[in-house]
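Engineer: Encoded as structure tokens, here's the structure I'll be asking about.
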Amino acid sequence: MGETTSSLHIFNSLSGKKEQFVPIEDKHVGMYVCGPTIYSNVHLGNCRTFISFDLIFRYLKHIGYNVRYVRNITDVGHLEFDEDDGEDRISKKARLESIEPMEVVQRYTTDFHKILDAFNTLPPSIEPTATGHIVEQIEHVKKIIDRGFAYEINGSIYFDVIKFNNSTHRYGVLSGRKLEDMTHNTRSLSGQSEKKSPQDFALWKKAEPKHIMRWTSPWGDGFPGWHLECTTMSCKYLGEQFDIHGGGIDLKFPHHECEIAQAKALYDKSPVKTWIHTNMLTLNGNKMAKSTGNNILPNELFNGSNALLSKPFSPDVTKFFMLQAHYRSVLDLGSDALEAAEKGYNRLMYGIKLLSQLPQSNNSSVDINKFIQAFYDAMNDDFNSPVLIAELFETVKLIHRVNEREEKLTVADIEKLQKTIGAFVYDVLGLTLEASTKEDNVFLDKALDVLIEMRNQARASKDFTTSDRIRDALLEKGIQLKDGKDGTSYTLIS
Ligand code: AMP
Ligand code: ZN
164 MGETTSSLHI FNSLSGKKEQ FVPIEDKHVG MYVCGPTIYS NVHLGNCRTF ISFDLIFRYL
224 KHIGYNVRYV RNITDVGHLE FDEDDGEDRI SKKARLESIE PMEVVQRYTT DFHKILDAFN
284 TLPPSIEPTA TGHIVEQIEH VKKIIDRGFA YEINGSIYFD VIKFNNSTHR YGVLSGRKLE
344 DMTHNTRSLS GQSEKKSPQD FALWKKAEPK HIMRWTSPWG DGFPGWHLEC TTMSCKYLGE
404 QFDIHGGGID LKFPHHECEI AQAKALYDKS PVKTWIHTNM LTLNGNKMAK STGNNILPNE
464 LFNGSNALLS KPFSPDVTKF FMLQAHYRSV LDLGSDALEA AEKGYNRLMY GIKLLSQLPQ
524 SNNSSVDINK FIQAFYDAMN DDFNSPVLIA ELFETVKLIH RVNEREEKLT VADIEKLQKT
584 IGAFVYDVLG LTLEASTKED NVFLDKALDV LIEMRNQARA SKDFTTSDRI RDALLEKGIQ
644 LKDGKDGTSY TLIS
């Protein structure tokens with residue numbers, strides 16, 4: 164598929180290896196990604212994960228797959244501290260602000276969509292909510308009970324991890340944890356006492372009289388467990404077995420481990436072929452998180468209002484900064500790194516602009532297919548966006564050499580490069596060439612025309628002190644003047 168000789172390999176967290184990607188159904192890919200729990204504004208860490216999956220979604224589409232991308236909204240059941248006896252995060256926010264839980268959900272879903280739009284991520288094909296699938300979740304709970312892997316205590320239903328592990332199935336296949344070790348290491352918490360064993364987890368929780376979010380079930384009023392919602396919604400829209408399941412690495416255990424156990428208890432098969440886990444965005448070396456307050460909100464970055472930032476950074480530059488790290492590496496956010504990313508971003512966009520006005524030759528002195536193949540090789544190697552960006556910069560260097568007539572390209576090659584770079588920069592990386600950048604370029608051109616004209620006048624009147632000063636001062640700011648047959652041009656260097 165696509166214009167490439169290499170084939171897509173993805174690091175599968177389940178096997179711990181890079182594997183060649185072969186979809187279950189030819190040309191189709193089913194991908195489920197755990198969406199946000201919407202009890203507060205989405206922070207940049209969350210955005211990194213969704214930007215990573217946007218890159219994956221975009222590349223799969225680019226190489227010709229028909230992708231069904233399901234990303235849920237968790238609007239019930241995700242309890243505080245990820246514990247079975249914590250308070251529901253959305254209920255808590257509603258209680259604290261004296262508003263309806265659905266007002267909390269609406270407010271932060273809108274925020275989430277706005278921010279992801281600002282980052283130019285594509286909407287998923289389906290965005291199901293947990294509260295919209297209560298009936299299906301109850302059906303799943305019933306089936307797991309019928310199959311002997313869950314038990315009822317006092318109106319709550321728990322998954323029986325020990326019984327599951329004593330069957331033909333194993334608990335811990337994704338995280339590599341052993342049940343014996345888990346049993347010894349689990350803290351015993353007050354509410355856990357009703358469970359047979361501490362690592363059992365809730366499929367359905369009884370709603371106490373004061374609990375706001377509640378639904379009628381065969382076991383009395385209650386609400387669904389967080390792990391179950393993802394099993395239910397992924398199976399409903401992608402089938403009992405599907406190609407890719409993703410989420411941040413912090414969800415690998417227990418959330419995804421529990422999803423695997425539930426699906427096996429229901430359908431006797433491993434639900435997912437390739438598990439993809441994205442790494443964390445950190446701030447001052449610590450994970451960004453809503454619950455700890457160690458986070459920066461996207462809008463604080465866009466308007467520069469956070470004291471940790473030297474200046475505002477646009478969504479495109481922020482995204483470029485994130486894509487310069489591989490999705491499986493930890494990335495630390497800081498002003499210096501963002502400023503470096505901004506320079507790189509401008510250099511890339513300037514290179515693309517230059518590409519549209521290159522001198523054309525009758526033959527090419529380089530084989531551009533090698534440059535293009537390198538883009539595909541990078542992305543086929545587990546979506547390696549930093550390598551892709553490095554290869555794009557190699558091509559920008561070539562563009563400058565052609566502009567300076569050190570290399571030659573035919574019209575056809577220039578057009579092919581334009582098409583491919585455009586596809587990788589705009590369609591795959593999802594950058595937008597912001598209006599501001601376009602405007603900046605126009606203003607930069609105009610300002611430099613004035614300076615070049617002043618320098619020419621100084622040279623004409625043999626005032627070399629002034630002409631050299633203009634040249635050197637610009638060079639200091641990263642703008643190099645080049646005198647050629649057709650007059651003086653400029654290049655951005657960094
Ligand atoms: P949550 O709303 O906390 O359920 O998180 C939504 C998604 O964002 C999950 O896939 C998390 O793994 C991911 N996530 C949370 N914190 C971070 C972070 N600091 N860096 C990257 N991804 C994160
Ligand atoms: Zn999930």
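Each step along the sequence shown adds one to the number in the numbering used here, with nothing skipped, and position 394 is 557.
Where a beta carbon is used, it is the ideal one built from N, C-alpha and C, also for glycine.
On a predicted model such as this, the values are computed, not experimentally measured, just so you know.
Counting along the chain, where does the beta strand (DSSP E) carrying I642 start and finish?
Structural biologist: Position 479 of the sequence shown, counted from the start, is the residue given in the question as residue 642. Start and end: 642-647.
Engineer: Any heavy atom of the ligand AMP inside 7 Å of the beta-carbon of G388?
Structural biologist: To locate residue 388, count along the sequence shown from 1; it is residue 225. Every heavy atom of the ligand AMP is 7 Å or more from the Cβ of G388, so no.
Engineer: Please classify S353: is it buried, with 16 or more other beta-carbons within 10 angstroms of its beta-carbon, or exposed?
Structural biologist: Walking along the sequence shown from the start, residue 353 turns up at place 190. Low local confidence applies: a pLDDT of 44 at S353 is under 50, so the model's placement there is unreliable, with the coordinate-based value given in what follows. S353 comes out exposed.
Engineer: Would a C-beta distance cut-off of 8 Å place D238 and T294 closer than the cut-off?
Structural biologist: The residue labelled residue 238 in the question sits at position 75 within the sequence shown. The residue labelled residue 294 in the question sits at position 131 within the sequence shown. Yes, Cβ-Cβ distance for D238 and T294 is below 8 Å.
Engineer: So the candidates are R491, L177, A470, L517; which of them puts its Cα closest to the Cα of T558?
Structural biologist: Taking the sequence shown and counting its residues from 1, the one referred to as residue 558 is at position 395. For the residues R491, L177, A470, L517, the minimum Cα distance to T558 belongs to L517.
Engineer: Does the separation of the CB atoms of I301 and S203 fall below 8 Å?
Structural biologist: Taking the first residue of the sequence shown as position 1, residue 301 is located at position 138. Taking the first residue of the sequence shown as position 1, residue 203 is located at position 40. No, Cβ-Cβ distance for I301 and S203 is not below 8 Å.
Engineer: Taking K399 as the reference, give the member of P434, A424, E420 with the closest Cα.
Structural biologist: Here the question's residue 399 lines up with position 236 in the sequence shown. Among P434, A424, E420, the Cα nearest to that of K399 belongs to P434.
Engineer: By how many angstroms is the C-alpha of G641 removed from the C-alpha of A621?
Structural biologist: For the purposes of this step, residue 621 is taken as the residue at position 458 of the sequence shown. For the purposes of this step, residue 641 is taken as the residue at position 478 of the sequence shown. Computed Cα separation, rounded: 22 Å.
Engineer: For a test of the three-state rule: what should DSSP assign to A692, helix, strand or coil?
Structural biologist: Nothing about residue 692 can be reported from this structure: the residues present for the chain run from 164 to 657 only.
Engineer: Restricting to Cα atoms, I'd like to know which of T212, V205, D217, G227 is closest to L171.
Structural biologist: One-based indexing of the sequence shown puts residue 171 at position 8. Minimum Cα distance to L171 is reached at G227.
Engineer: Taking C-beta to C-beta, are R564 and P522 nearer than 8 Å?
Structural biologist: Taking the sequence shown and counting its residues from 1, one reaches residue 564 at position 401. Taking the sequence shown and counting its residues from 1, one reaches residue 522 at position 359. Against a cut-off of 8 Å, the Cβ pair of P522 and R564 comes out as no contact.
Engineer: Just how far apart, CA to CA, sit S360 and D323?
Structural biologist: Here the question's residue 360 lines up with position 197 in the sequence shown. Here the question's residue 323 lines up with position 160 in the sequence shown. If I take the Cα positions, the gap works out to 8 Å.
Engineer: Quick check for students: name the residue ranges of the alpha helix (DSSP H) that lie wholly in the region 177-225, counting only runs of 4 or more.
Structural biologist: Taking only runs of at least 4 residues, the alpha helix (DSSP H) segments lying wholly in the region 177-225 are 207-225.
Engineer: I need the boundaries of the alpha helix (DSSP H) containing D238, first residue and last residue.
Structural biologist: In the sequence shown, counting from the first residue as 1, residue 238 sits at position 75. Premise fails: D238 is in no alpha helix (DSSP H) and is neither H nor E.
Engineer: In whole angstroms, give me the CA-to-CA distance for M194 and D608.
Structural biologist: For this step, residue 194 is matched to residue 31 along the sequence shown. For this step, residue 608 is matched to residue 445 along the sequence shown. If you take the alpha carbons of M194 and D608, they lie about 45 Å apart.
Engineer: Take Y589 and list the residues in its own chain whose beta-carbon comes closer than 8 Å to its own, dropping the five residues that flank it on each side.
Structural biologist: On the sequence shown, position 426 is the one that residue 589 refers to. Same-chain partners within the cutoff: T595, L596.
Engineer: Based on Cα-Cα distance, which residue from I407, R618, F627, A365 lies nearest to H303?
Structural biologist: Walking along the sequence shown from the start, residue 303 turns up at place 140. Closest option to H303, Cα to Cα, is A365.
Engineer: Determine, using beta carbons only, whether W367 and S319 come nearer to each other than 8 Å.
Structural biologist: As a first step, residue 367 is located in the sequence shown; it is residue number 204 there, counting from the start. As a first step, residue 319 is located in the sequence shown; it is residue number 156 there, counting from the start. In this structure, S319 lies closer than 8 Å to W367 by Cβ.
Engineer: Quick one, which of A470, S215, Y508 has its alpha-carbon nearest I412's?
Structural biologist: Taking the first residue of the sequence shown as position 1, residue 412 is located at position 249. With distances taken between Cα atoms, I412 lies closest to S215.
Engineer: If we ignore side chains and look at the alpha-carbon of each, how far apart do M443 and V205 end up?
Structural biologist: Translated into the one-based positions of the sequence shown, residue 443 becomes position 280. Translated into the one-based positions of the sequence shown, residue 205 becomes position 42. Whole-angstrom Cα-Cα distance: 14 Å.
Engineer: Can you tell me the Cα-Cα spacing of N449 and L572, whole angstroms?
Structural biologist: Numbered from 1 along the sequence shown, position 286 holds the residue referred to as residue 449. Numbered from 1 along the sequence shown, position 409 holds the residue referred to as residue 572. One C-alpha to the other measures close to 48 Å.
Engineer: My guess is that L494 and W389 are in contact by the Cβ rule of under 8 Å, so how many angstroms apart are they, rounded?
Structural biologist: Looking up residue 494 in the sequence shown gives position 331. Looking up residue 389 in the sequence shown gives position 226. Actually they do not touch by this definition, with Cβ atoms about 26 Å apart.
Engineer: May I have all residues whose beta carbon comes closer than 5 Å to any heavy atom of the ligand ZN, sorted in chain order?
Structural biologist: Qualifying residues, in the order they occur: C197, C393.
Engineer: How should V230 be labelled, buried or exposed, when 16 other C-beta atoms within 10 angstroms of its C-beta is the threshold for buried?
Structural biologist: Position 67 of the sequence shown, counting from 1, holds the residue named residue 230. The residue in question, V230, is buried, as its Cβ has 16 or more Cβ neighbours within 10 Å.
Engineer: So what's H172 in DSSP terms, helix, strand or just coil?
Structural biologist: On the sequence shown, position 9 is the one that residue 172 refers to. In the structure shown, H172 sits in a strand (DSSP, three-state: E or B).
Engineer: Does the separation of the CB atoms of M542 and Y222 fall below 8 Å?
Structural biologist: Against the sequence shown, residue 542 aligns to sequence position 379. Against the sequence shown, residue 222 aligns to sequence position 59. Going by C-beta atoms, M542 is nearer than 8 Å to Y222.
Engineer: When you compare only the Cα positions, how much space is there between K582 and L511?
Structural biologist: Here the question's residue 582 lines up with position 419 in the sequence shown. Here the question's residue 511 lines up with position 348 in the sequence shown. The straight-line gap from Cα to Cα measures roughly 15 Å.
Engineer: Please name the residue in T168, D217, E420 whose C-alpha comes closest to that of S176.
Structural biologist: Your numbering for residue 176 matches position 13 in the sequence shown. It is E420 whose Cα lies nearest to the Cα of S176.
Engineer: Helix, strand or coil: how does DSSP classify L596 here?
Structural biologist: Sequence index remark: in the sequence shown, residue 596 carries index 433 (1-based). In the structure shown, L596 sits in coil (DSSP, three-state: anything other than H, G, I, E or B).
Engineer: Leaving out five residues before and five after Y653 in sequence, what residues of the same chain have Cβ atoms less than 6 Å from its Cβ?
Structural biologist: Counted from its first residue, the sequence shown places residue 653 at position 490. Within the same chain, Y653 has close Cβ partners L611, I642, L644.
Engineer: Any heavy atom of the ligand AMP closer than 7 Å to the beta-carbon of A470?
Structural biologist: Along the sequence shown, read from residue 1 onward, the residue named residue 470 stands at position 307. No, the beta carbon of A470 sits no closer than 7 Å to any heavy atom of the ligand AMP.
Engineer: Kindly indicate the opening and closing residues of the beta strand (DSSP E) around H440.
Structural biologist: Along the sequence shown, one-based indexing puts residue 440 at 277. Run containing H440: 435-441, per the beta strand (DSSP E) assignment.
Engineer: I need the DSSP call for K453, collapsed to helix, strand or coil.
Structural biologist: One-based indexing of the sequence shown puts residue 453 at position 290. Of the three classes helix, strand and coil, the one that applies to K453 here is coil, per DSSP.
Engineer: Within its chain, find whatever has a CB closer than 8 Å to the CB of K369; leave out the 5 residues flanking it on each side and keep chain order.
Structural biologist: For the purposes of this step, residue 369 is taken as residue 206 along the sequence shown, with counting starting at 1. Within the same chain, K369 has close Cβ partners N317, G318, S319, W382, G383, D384, G385.
Engineer: Would you grab the beta carbon distance between N235 and T292 for me? Rounded to a whole angstrom, and I think it's under 8 Å.
Structural biologist: Taking the sequence shown and counting its residues from 1, the one referred to as residue 235 is at position 72. Taking the sequence shown and counting its residues from 1, the one referred to as residue 292 is at position 129. Confirmed, about 7 Å.
Engineer: According to DSSP, is E569 part of a helix, a strand, or is it coil?
Structural biologist: As a working note, residue 569 is residue 406 in the sequence shown. Coil at E569, not helix or strand.
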